[in-house]
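Peer 1:
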Amino acid sequence: MKRPSMSAVYGLALNPDGTLLAAAGPGKGIIFDTASGNAVIKIPGATGHAYDVDFAPDSKSVVICFHGGHVRQYDVQSGDEIASYTGHAGVPQGVRKVKFSPDGQQLASVAEDSTLRIWDTQSTDEVQRFKARADVNTVAWGPGESHITFATDVGLHTVEIASRRGKTLDTGAIADVQVVNNQILAAWDEAIRFLTPDLEITRTLEQSAVSRMRAYEGYLFAASWSGADAGVHRWDLSDGTRQRLPLPAPVGDGPHAVWALAIDAARGVLYAGCNPMKGSSNIVAWDCASLDLLDL
Amino acid sequence: MTHYLEYVDDTSAKFWMIKLLGNSHTVTYGKIGSEGRASTKEFDSAEEAQKSAAKLIASKKKKGYTASARTDAKPAAQLTNDEAVEKYGLADRYVGNIRFAKVIVFEGDVEIYGDVNKNTVESLFFDGEREPTDELVIIDGNLTVHGSLDLTEYYPCLLVLGDLHCDFVTSVNSYKEVTGDAYITTAFIGNYNHGQMVVEGTTHVPLILNSDHGCTMTPNLKTVCINYCGYHDDFFKYDYYVDELKNLFPDEFFEWFDEDDDEDFDFEWWSLAATLKSGASPFLEGAAPDLLSAEEIRAIASGDAPAGEAPASNPKPTTMSPAEAKEAFEAFRAEPALTFLSMCGDATVYRGNVTSDVSDILDLALTLGEQGTPIVIDGDLTLTADSVEWGSESECNLLLVTGDLRVNHLVMSEVGDITVQGDLHAKTLVGMYGDNGGSLNVAGDAQVEVLVATTYFCFGFGGNVQAKHIIGDTTYATDFTEDYISTASINLFVPEMIEGGEFSAWKLFEARVAGKEVFVNNGQALEGAYEQEW
Chain S
1 MKRPSMSAVY GLALNPDGTL LAAAGPGKGI IFDTASGNAV IKIPGATGHA YDVDFAPDSK
61 SVVICFHGGH VRQYDVQSGD EIASYTGHAG VPQGVRKVKF SPDGQQLASV AEDSTLRIWD
121 TQSTDEVQRF KARADVNTVA WGPGESHITF ATDVGLHTVE IASRRGKTLD TGAIADVQVV
181 NNQILAAWDE AIRFLTPDLE ITRTLEQSAV SRMRAYEGYL FAASWSGADA GVHRWDLSDG
241 TRQRLPLPAP VGDGPHAVWA LAIDAARGVL YAGCNPMKGS SNIVAWDCAS LDLLDL
Chain C
1 MTHYLEYVDD TSAKFWMIKL LGNSHTVTYG KIGSEGRAST KEFDSAEEAQ KSAAKLIASK
61 KKKGYTASAR TDAKPAAQLT NDEAVEKYGL ADRYVGNIRF AKVIVFEGDV EIYGDVNKNT
121 VESLFFDGER EPTDELVIID GNLTVHGSLD LTEYYPCLLV LGDLHCDFVT SVNSYKEVTG
181 DAYITTAFIG NYNHGQMVVE GTTHVPLILN SDHGCTMTPN LKTVCINYCG YHDDFFKYDY
241 YVDELKNLFP DEFFEWFDED DDEDFDFEWW SLAATLKSGA SPFLEGAAPD LLSAEEIRAI
301 ASGDAPAGEA PASNPKPTTM SPAEAKEAFE AFRAEPALTF LSMCGDATVY RGNVTSDVSD
361 ILDLALTLGE QGTPIVIDGD LTLTADSVEW GSESECNLLL VTGDLRVNHL VMSEVGDITV
421 QGDLHAKTLV GMYGDNGGSL NVAGDAQVEV LVATTYFCFG FGGNVQAKHI IGDTTYATDF
481 TEDYISTASI NLFVPEMIEG GEFSAWKLFE ARVAGKEVFV NNGQALEGAY EQEW
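Read top to bottom, the protein sequences are chains S and C.
Counting in my numbering, the first sequence runs from 1 upward without gaps.
Counting in my numbering, the second sequence runs from 1 upward without gaps.
1. Please list the segments of the beta strand (DSSP E) lying wholly inside the segment 16-101 of chain S, counting only runs of 3 or more residues, in order along the chain.
2. For Val-63(S) and Asn-275(S), I'd like the C-alpha separation in whole angstroms.
3. What do you reckon, are the CB atoms on Ser-68(C) and Glu-6(C) nearer than 8 Å?
4. Determine the direct distance from the alpha carbon of Phe-519(C) to that of Leu-526(C), and round the result to whole angstroms.
5. Is it true that the CB of Gly-273(S) sits closer than 8 Å to the CB of Gly-29(S)?
6. Tell me, please, whether the CB atom of Gln-421(C) is closer than 8 Å to any CB atom in chain S?
7. Can you confirm whether Ile-604(C), when its beta carbon is compared against all beta carbons of chain S, has any partner nearer than 8 Å?
8. Looking only at C-alpha atoms, which of His-409(C), Thr-179(C), Tyr-113(C), Asn-173(C) sits nearest to Ser-34(C)?
9. Tell me which same chain residues have a C-beta within less than 6 Å of the C-beta of Ala-22(S), skipping the five on either side of it?
10. Have a look at the DSSP bridge pairing and note the partners of Thr-216(C).
11. Could you tell me which of Ala-134(S), Ser-163(S), Arg-96(S) sits nearest to Ala-140(S), measuring between CA atoms?
12. Looking at Trp-269(C) and Ile-189(C), is the spacing between their C-beta atoms short of 8 Å?
13. Along the segment 128-146 of chain S, what residues have a CB closer than 8 Å to any CB found in chain C?
14. Cβ closer than 7 Å: which chain C residues qualify as neighbours of Leu-199(S)?
15. Specify the secondary structure class of Asp-225(S) as computed by DSSP and reduced to three states.
16. How big is the Cα-Cα spacing for Val-407(C) and Gln-421(C)?
17. How would you write the range of the alpha helix (DSSP H) that Trp-506(C) sits in, first residue to last?
18. Pull up the distance between the alpha-carbon of Gly-27(S) and that of Pro-248(S), whole angstroms please.
19. So is Pro-156(C) buried or exposed if we call it buried at 16+ other beta carbons inside 10 Å?
20. Within this structure, are the beta carbons of Gly-104(S) and Ala-162(S) separated by less than 8 Å?
21. Using a Cβ distance threshold of 8 Å, determine whether the segment 503-517 of chain C contacts the segment 116-125 of chain S, with at least three qualifying pairs required.
22. To the nearest angstrom, how far is the alpha carbon of Ala-187(C) from that of Ile-226(C)?
23. Express the C-alpha separation of Ile-490(C) and Ser-208(S) in angstroms, rounding to a whole number.
24. Could you please give the first and the last residue of the uninterrupted alpha helix (DSSP H) stretch that includes Leu-294(S)?
25. What does Gly-472(C) reach in chain S if we use C-beta pairs closer than 9 Å?
26. Could you round the C-beta distance between Val-145(C) and Ile-104(C) to whole angstroms and report it? I think they count as a contact, below 8 Å.
27. Would you check if the distance between the CB atom of Gly-227(S) and the CB atom of Arg-244(S) is smaller than 8 Å?
28. Name the chain C residues that come within less than 9 Å of Leu-185(S), Cβ to Cβ?
29. Write down the C-beta distance between Tyr-175(C) and Ile-98(C) rounded to the nearest angstrom, noting that I regard them as a contact closer than 8 Å.
30. For Pro-102(S), I'd like the list of residues in its chain whose CB is within less than 7 Å of its CB, leaving aside the five on either flank, ordered along the chain.
31. Any contact of the segment 198-215 of chain S with the segment 166-177 of chain S, i.e. 3+ C-beta pairs under 8 Å?
32. How many Å lie between Ile-297(C) and Asn-441(C) at the Cα?
33. If we count the other Cβ atoms within 10 Å of its Cβ and call it buried at 16 or more, is Pro-246(S) buried or exposed?
34. Give the single residue among Asn-81(C), Val-85(C), Val-178(C) whose Cα lies nearest to the Cα of Asp-134(C).
35. Please list, in chain order, all residues of the same chain as Leu-492(C) whose beta carbon is under 8 Å from its beta carbon, the five residues on each side excluded.
36. With Asn-191(C) as the anchor, note down where its beta strand (DSSP E) starts and where it stops.
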């Protein structure tokens with residue numbers, strides 16, 4: 001894969017068959033062909049930082065969210081903007097994450113304007129809005145088909161979308177939440193927690209400053225953006241042990257700040273988006289089983 | 001004010017009484033022993049009512065009516081001092097300091113028509129036979145005098161074991177003690193440093209004019225208290241030196257001994273009392289308008305309590321140079337305050353308790369002192385407004401209180417220093433943005449319902465802090481070893497306290513002033529997950 005000209009990567013997403021990797025970073029989005037490593041589409045002119053990206057389940061488009069409050073959908077063939085979801089507040093209350101529903105009918109976006117918004121992808125209308133107390137940092141569809149889970153600087157929420165009723169747990173700041181096999185995974189205050197759909201904590205793994213998590217078979221990959229745990233770790237969920245993944249040295253004196261993860265489960269490849277590293281792209285990949293760095 | 005007159009000859013025994021109140025008077029007349037007939041007349045002004053009453057009184061006197069006093073009550077017992085001490089617990093009372101030769105006791109309520117004074121006291125209290133000695137009259141009930149209570153020197157001391165109702169009280173070199181409340185429709189005048197007027201309850205009186213007589217009274221909030229002795233008492237709003245009274249009262253109340261010497265005169269308080277009793281105003285037209293409003297003057301003269309909020313009983317300020325102030329308050333041992341005192345210009349110093357209704361301490365500075373000067377309250381400071389702010393506007397923000405500070409809701413932002421030597425009582429205390437070195441230092445205890453410490457504002461407490469809730473961030477609340485609520489724990493606050501995802505101390509202050517709830521679950525963290533409806 002040719003090195004993308006991005007000073008940092010904040011969001012990564014793979015299309016469902018793993019052939020395309022979309023990266024979001026300062027000022028732009030880039031879509032790569034994972035087989036050749038070529039950048040197939042460059043999405044220019046984005047307003048400020050692009051924080052996150054997600055592929056539509058039909059692989060035909062991506063949605064990118066920006067610091068300027070924009071949520072825009074682009075055709076992956078032409079790179080043309082084909083839709084815009086308008087409503088979030090703008091700078092300095094950027095949109096942090098975007099996530100398509102599994103059927104692609106809806107899009108969830110969360111922002112520093114303290115809202116989770118659910119959009120109809122056909123009409124681009126906002127169909128639901130949940131106002132939280134603080135910046136909403138992350139969102140995941142589930143558990144189950146009726147619920148959505150999101151997290152802020154101060155709490156974790158899971159809510160039945162139709163009835164707008166749900167559970168809240170007061171927490172520290174949460175950067176990422178995942179729903180895996182009817183379990184909710186969220187990290188705050190130096191640890192990753194596994195929770196039931198009723199937000200009862202069932203397991204704790206100690207890792208600080210967790211930015212992203214991805215489950216893979218009996219493992220959990222978790223990235224951290226700062227501190228002693230900066231980098232990427234693989235947790236063996238059978239015994240609770242962890243291994244740090246190898247990374248090239250970062251440019252400058254900073255830590256291995258890792259902001260983004262994407263996993264190609266079929267091929268067993270983990271992608272990470274980082275601050276620039278020496279001798280490497282700021283996108284790196286590993287073999288999920290051997291943890292060897294893959295040559296991109 | 002009531003004037004009671006009687007006419008007695010061989011064939012008739014009649015009374016005539018006029019009660020003057022504000023712009024009306026009520027005349028009651030009839031045979032002595034009967035209730036009589038009453039009629040009330042209203043006038044356009046208090047002055048007209050007073051003139052009409054004066055005319056009627058003069059007319060009755062011309063017809064042979066004389067000032068008199070009467071009561072149906074008879075003394076129930078005469079006790080020795082020891083007997084009275086035992087029966088009425090005199091040892092615990094002010095009048096217990098005196099050993100009386102004779103104690104006269106009236107049981108039950110006593111109602112007197114006419115003035116109680118040297119001419120009437122013999123018939124009223126001693127059944128017409130009296131050899132003046134050290135006497136105490138105990139009224140074991142309420143005492144009502146339709147007239148003045150003018151018990152001055154060489155007349156009996158008085159203990160009322162109940163309430164006192166009368167028009168006027170003069171107290172000179174005599175002891176009077178009331179265990180209940182006192183209702184005095186016109187004025188209390190105290191003079192001379194022997195004797196004492198003690199009212200355990202509240203004294204409802206429009207005007208207190210006192211020199212150096214002992215006054216142990218709690219005036220009601222509407223009382224105008226004028227002190228004209230050289231030192232300040234606790235409750236006097238208007239403090240004058242005796243020569244300053246010339247700005248308040250006309251020449252007729254002053255006897256001049258030397259026309260060329262402004263200081264050589266006597267203040268004839270008894271003349272002033274007579275004017276007040278007549279219903280006329282003793283004050284000069286427009287006297288001291290910055291101290292006494294026209295409304296207050298009218299109300300005092302008419303025996304009507306001034307309307308409106310309580311006049312604060314503030315002492316007059318004096319000015320001290322930095323060096324003088326530093327020396328005077330050295331014992332205060334508040335280093336930051338003393339440093340500021342010596343750095344700033346002249347301090348405005350109040351010797352005594354200060355009450356103010358300002359809603360901005362800057363206004364306190366402007367009202368009490370000059371902007372930018374340090375203010376020293378050498379006593380307690382009570383701020384009565386619901387909400388008091390202190391923001392940085394003046395060049396030298398310094399408030400030094402040697403007593404206690406009482407305030408409802410106080411927010412301090414970008415200010416200098418408040419130093420309190422005594423205790424602090426507040427409903428809400430918010431300190432933020434003290435980047436000029438803002439601080440509140442309290443040497444004593446602090447009783448605060450909600451205390452907010454954020455962003456560079458320093459709190460220092462020498463005593464105990466009793467606070468229902470302390471809110472702070474990790475940096476600025478470290479002085480509080482007890483649990484405090486972190487400003488990051490925004491889930492503990494109702495959503496209105498959150499602005500842009502962050503706790504707003506200012507929003508909290510506004511809500512507290514408005515009496516609104518600021519916490520979810522009383523500020524306690526909820527255990528585990530809880531239901532939420534969106």
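Ideal placement from N, C-alpha and C gives every residue a C-beta, glycine not left out.
Peer 2: Based on what the coordinates show:
1. DSSP runs (the beta strand (DSSP E)) wholly in the segment 16-101 of chain S: 20-25, 28-33, 39-43, 50-55, 61-66, 71-75, 81-84, 95-100.
2. If you take the alpha carbons of Val-63(S) and Asn-275(S), they lie about 22 Å apart.
3. Yes. Within cutoff.
4. If you draw a straight line from the Cα of Leu-526(C) to the Cα of Phe-519(C), it is about 12 Å long.
5. Between Gly-29(S) and Gly-273(S), the C-beta spacing is not below 8 Å.
6. Under the Cβ distance rule, Gln-421(C) does not count among the residues neighbouring chain S, no pair being separated by less than 8 Å.
7. Shown here, chain C extends from 1 to 534; a query on residue 604(C) therefore has no answer.
8. Per the C-alpha coordinates, the member of His-409(C), Thr-179(C), Tyr-113(C), Asn-173(C) positioned closest to Ser-34(C) is Tyr-113(C).
9. So the list reads Ala-13, Ile-31, Val-53, Val-62, once near-sequence residues are dropped.
10. Looking at the DSSP output, Thr-216(C) shares a beta bridge with Val-198(C).
11. Of the candidates Ala-134(S), Ser-163(S), Arg-96(S), the residue whose Cα lies closest to the Cα of Ala-140(S) is Arg-96(S).
12. Contact flag set, yes.
13. The residues in question are Phe-130, Lys-131, Arg-133, Ala-134, Asp-135.
14. The contacting residues are Ala-529.
15. Checking the sequence shown, residue 225(S) turns out to be Trp, not Asp. The answer is coil: DSSP assigns Trp-225(S) none of H, G, I, E or B.
16. Between Val-407(C) and Gln-421(C), the C-alpha separation is close to 15 Å.
17. Trp-506(C) -> alpha helix (DSSP H) spans 505-513.
18. The straight-line gap from Cα to Cα measures roughly 25 Å.
19. Buried, by the Cβ-count rule.
20. Going by C-beta atoms, Gly-104(S) is not nearer than 8 Å to Ala-162(S).
21. No, because fewer than three Cβ pairs between the segment 503-517 of chain C and the segment 116-125 of chain S fall closer than 8 Å, the two stretches do not touch.
22. Taking the straight line joining both Cα atoms gives about 11 Å.
23. If you take the alpha carbons of Ser-208(S) and Ile-490(C), they lie about 22 Å apart.
24. Counted as a single uninterrupted DSSP element, the stretch harbouring Leu-294(S) is not any alpha helix (DSSP H), since DSSP gives it neither H nor E.
25. Those do not exist, as Gly-472(C) stays about 17 Å from chain S at its closest Cβ, beyond 9 Å.
26. That belief does not hold up - the Cβ atoms of Val-145(C) and Ile-104(C) are roughly 16 Å apart, past 8 Å.
27. With a cutoff of 8 Å on beta-carbon distance, Gly-227(S) and Arg-244(S) are scored as not near each other.
28. Correct list: empty, because the minimum Cβ distance to chain C is about 15 Å.
29. Confirmed, about 7 Å.
30. Cβ within range, chain order: Pro-57, Trp-141.
31. These segments touch.
32. For Ile-297(C), the predicted model reports a pLDDT of 45, less than 50, meaning its position is unreliable and no value from the coordinates is stated.
33. Classification of Pro-246(S): exposed, given that the 10 Å Cβ count is below 16.
34. Ranking Asn-81(C), Val-85(C), Val-178(C) by Cα distance to Asp-134(C) puts Asn-81(C) first.
35. Same-chain partners within the cutoff: Ile-485, Phe-519, Val-520, Asn-521, Gly-523, Gln-524, Ala-525.
36. Segment 182-191, the beta strand (DSSP E) holding Asn-191(C).
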